[in-house]
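Working notes, beginning with the structure itself.
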Amino acid sequence: MSALITLPPGALLCHLPARFPLARGKALEGAVLAFERQGPAHAPVVVVLGGISAGRHVSAHAAVPGPGWWEGFVGPGLAIDTSRYQVLGFDWLGGCGNSTAPGAGESFPFVATEDQARALCCLLDALAIDRVHAFVGSSYGGMVGLQLAALAPSRVQRLAAIAAPQRSCAQASAWRAVQRGIVELGQRHGAGAEALALARALAMTTYRTPVELQRRFGGAPSFANDRVRFPVQDWLEARGARFAEDWLPEQFLCLCNSIDAHEVNAARVGTPTWLLGFGGDQLVPLSQVRELAAALPQLRAFREVASCYGHDAFLKEHRAVSAFLREVLS
Amino acid sequence: MACTPQPRTVHLIGPGQVGRAFLRRAVALPVSVVAISDSTATVFDNRGLDVEAVLAHKAGQPLASWPRAEAIPTELAIAVVGADVVVDATPTDARGTAAAVERGRAALRNGAFLGLCAKNALAVAAPEWLLGSNRGRVGIDAVLGGTGHKLVRELDELRRDCRGLCLVGNVTTTVIVQAIERGASVEQGIEEARARGLLEADPTCDFDGSDAATKLVAVWGAVFGECGRPLPAAGEVFREDVRRLDAQLLQARARRGATTRLVARGSATGNDLRVQFEELAAGSPLAAPPDRVVYGYELEHGLRVHTGLAVGYERTAEALLNDVAMAAAGKAVRP
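Just so you know, the sequences run in chain order A and B.
Count along the first sequence from 1, add 79, and you get the number used in the numbering used here.
Count along the second sequence from 1, add 5, and you get the number used in the numbering used here.
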């Protein structure tokens with residue numbers, strides 16, 4: 080049993096093999112991968128994948144006009160130019176999109192980043208795409224890109240990994256462990272959705288930097304009924320509530336575990352690779368990206384960008400990220 | 006909601022391939038098989054049957070020749086045995102539809118949970134069995150290729166919001182189509198399906214679209230039907246015959262990256278039910294591989310997709326077993 084799958088217009092579906100074995104044991108039976116394509120049908124394919132909260136809808140296009148998760152980077156004339164490239168995105172296995180994922184109260188096997196990469200290979204097989212022109216992955220998407228380039232380097236001509244490490248660092252895992260603990264506590268007490276919102280609020284503080292939060296929310300607190308309330312709380316609560324509208328606790332736990340278990344042998348990444356890391360990223364510190372760069376056999380470039388947006392710089396630093404993408408795709 | 010007692014005893018009707026596969030698996034459940042019926046007789050022991058012995062006997066001769074077999078009508082046997090679960094694993098046979106419906110009714114009258122395998126009875130009695138007082142008492146996962154649990158679980162929502170159905174429920178034609186897409190003729194495609202064990206002794210129902218039409222009517226009855234109102238007749242659904250496929254057309258579609266499937270469609274009106282071979286783009290949710298079925302429910306905000314792997318008698322038996330296991334655990338799927 081799995082979460083409901085309701086495909087909106089423009090969403091496509093790939094049926095994975097009847098039994099899809101998973102890297103850490105067990106298997107998915109009859110699983111599906113929801114995906115979306117935009118751009119000319121026969122143009123070179125660029126796979127674009129983001130963090131765990133990103134999905135198949137990368138940016139607005141004629142068939143799906145609503146905003147995507149990476150507006151401003153992908154579209155006609157933009158860094159990933161959809162008049163020249165066909166962009167392919169998919170919903171994560173185990174996540175909140177329309178791919179196979181746990182439903183409310185349901186257990187689900189462990190989905191590793193290798194599994195997402197192998198699911199992508201199945202999708203490429205189904206679409207008769209032997210090799211993609213590029214894989215552009217940010218955060219979790221970058222982890223999956225590294226796995227793909229290690230598992231099947233011949234399927235990717237070039238890899239752009241943004242804010243993505245070989246393995247999660249201890250500090251990031253610690254923060255996520257607390258988030259999972261909050262969610263599991265909530266589940267045990269019948270408050271899974273509220274706990275998920277709280278965990279997401281905590282996560283937001285790890286995506287950004289002290290500098291940005293101080294600048295945006297450094298104002299004075301308010302006092303009422305013997306309680307103190309800080310300006311940042313409205314933002315945190317809104318972001319947490321928004322997240323909990325779309326996600327089930329089980330889905331968050333699935334992908335949160337997947338991030339923390341991620342580990343790729345950089346020496347096996349057999350694809351020309353471009354790396355982008357951000358100064359101020361608390362989840363994937365520059366030191367980790369440097370370590371990855373040193374271990375990659377086919378590193379083409381490693382770019383560092385200082386940003387007050389921390390890990391979320393891949394969503395916010397339009398100029399720097401666009402320049403990086405143009406360099407990769409040139 | 007009334008508390009349903011946990012079933013303990015099982016009466017299997019139809020010890021054919023699916024029935025035997027079901028019985029082999031049923032040993033893993035906390036149930037006792039107390040009766041087995043074929044078309045000739047019922048073998049019954051309320052302390053539990055020696056299933057292997059009965060099946061060994063059945064392999065060579067009808068159950069009527071089993072010592073102490075009761076050669077009574079199956080509906081009567083259902084009442085006499087009084088099992089908690091009646092599993093009807095008889096194959097679909099249009100001529101036997103009325104009898105299959107009566108068997109199901111007898112089981113439900115007797116207070117049993119009914120595990121269904123054949124679609125023909127459901128295509129007549131879907132509203133009666135899935136709505137009203139029988140809700141949660143009929144397992145249809147095997148009938149619908151492993152998608153029945155999902156349909157029952159979401160039935161309230163689908164009855165409220167669904168506008169139309171689109172089903173790819175006939176695996177045999179999918180295998181034939183894929184063979185043609187690889188360059189085979191229609192006849193060679195049929196032979197491939199036969200070689201893979203997908204054809205019944207009389208495969209007419211697969212070939213002429215009757216199988217897909219019957220499933221369409223069954224699902225239509227669940228989603229759009231009303232108790233007491235007859236369902237559209239499966240025999241009157243417009244159908245295309247796989248034997249009349251244009252192999253060159255299918256191959257041309259495949260070269261363009263598209264594919265073809267036998268798609269059964271219909272809206273709430275019920276006057277537009279049809280089973281046709283359709284061109285499907287790459288990425289269509291209906292472009293199911295030959296190991297599964299896809300049942301689509303058109304909602305205002307998109308297509309609800311149910312996929313099922315209960316294809317072939319082993320997996321069909323697994324789906325039956327799941328229905329019975331849930332009933333045995335007191336967790337029969339309810340809307």
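Just so it is clear, CB atoms sit at the ideal spot from N, CA and C, and this is done for glycine as well.
Proximity of residue i and residue j at Cβ, strictly below 7 angstroms
i	j	result
A/PRO328	A/VAL262	yes
A/ALA205	A/GLY224	no
B/CYS171	B/VAL228	no
B/PRO208	B/VAL222	no
A/CYS93	A/GLN330	no
A/HIS212	A/VAL124	yes
B/THR95	B/ASN125	no
A/PHE187	A/ARG135	no
A/ALA276	A/ALA320	yes
B/VAL23	B/TYR302	no
B/ALA259	B/ALA286	no
Other residues of its chain near residue i: CB distance less than 6 angstroms, five sequence neighbours each side excluded
i	result
B/ALA200	none
B/ALA273	PHE229
A/LEU378	THR352 and ALA372
B/LEU34	ALA330 and ALA333
Opening and closing residue of the alpha helix (DSSP H) in which residue i lies
i	result
A/LEU292	289-296
B/PHE118	That residue, B/PHE118, is in no alpha helix (DSSP H); its beta strand (DSSP E) goes 118-121.
A/ALA266	Looking at the sequence provided, one finds Gln at residue 266 of chain A rather than Ala. That run of the alpha helix (DSSP H) goes 249-267.
A/TRP314	310-325
B/PRO132	124-135
B/SER215	215-229
B/ARG30	22-31
A/VAL166	Not the alpha helix (DSSP H): A/VAL166 falls in the beta strand (DSSP E), residues 165-169.
A/ALA198	192-205
B/VAL86	79-86
B/SER70	Here B/SER70 belongs to no alpha helix (DSSP H), and DSSP marks it neither H nor E.
A/ALA228	219-230
Run of the beta strand (DSSP E) containing residue i, from where it starts to where it stops
i	result
B/SER37	37-42
B/PHE49	47-49
B/GLU323	From DSSP, B/GLU323 is part of no beta strand (DSSP E) but of the alpha helix (DSSP H) over 317-333.
A/VAL384	378-385
B/GLU303	298-304
A/PRO119	It is not in any beta strand (DSSP E) - A/PRO119 carries neither H nor E in the DSSP assignment.
B/ASP93	90-93
B/ALA269	264-272
Neighbour flag for residue i against chain A, beta carbons, 7 angstroms
i	result
B/ALA287	yes
B/LEU325	no
B/PRO340	In this prediction, B/PRO340 has a pLDDT of 49, which is less than 50 and means its spatial position is unreliable; what the coordinates show is noted afterwards. Cβ-Cβ to chain A under 7 angstroms: no for B/PRO340.
B/ALA7	In this prediction, B/ALA7 scores a pLDDT of 46, lower than 50, which makes its location untrustworthy; the coordinate-derived value is nonetheless stated afterwards. So no, B/ALA7 is outside the interface.
B/VAL32	no
Contacts of residue i in chain B (Cβ-Cβ under 8 angstroms)
i	result
A/THR85	LEU304, HIS306, GLY307, LEU308, ARG309 and VAL310
A/PRO88	GLY307
Contacts that residue i makes with chain A (C-beta to C-beta distance below 7 angstroms)
i	result
B/ASP296	ALA97
B/GLY262	ALA207
Listed by chain order, chain B residues near residue i by CB distance under 9 angstroms
i	result
A/HIS94	PRO290, ALA292, ALA293, PRO294, ASP296, ARG297, VAL299 and THR312
A/LEU275	The contacting residues do not exist; A/LEU275 stays about 23 angstroms from chain B at best.
A/LEU91	ALA286, ALA287, GLY288, SER289 and PRO290
A/PHE114	GLY288
Chain B within 7 angstroms of residue i, Cβ atoms only
i	result
A/GLY174	no
A/GLY109	yes
A/LEU206	yes
A/GLN165	no
Chain-order list of residues whose beta-carbon lies under 7 angstroms from that of residue i (same chain, five-residue window excluded)
i	result
A/SER247	ILE338, ASP339 and HIS341
B/LYS117	Checking the sequence shown, residue 117 of chain B turns out to be Ala, not Lys. If we look at B/ALA117 and ignore the five residues flanking it on each side, its Cβ neighbours are ALA88, ASP89, VAL90 and VAL91.
A/ARG412	Lying outside 80 to 409, the shown extent of chain A, residue 412 of chain A is not represented and no answer is given.
A/TRP314	PHE296
B/ASN139	LEU113 and GLU133
A/LEU332	ARG259 and VAL262
B/ALA7	Confidence in B/ALA7 is poor, its pLDDT being 46 and thus under 50, which makes the residue's placement too unreliable to answer from.
Residues near residue i in its chain [Cβ-Cβ closer than 8 angstroms; skip 5 each side]
i	result
A/VAL290	GLY359 and CYS387
A/LEU292	THR284 and VAL311
A/GLY182	MET80, SER81, ALA82, LEU83, LEU327 and GLU329
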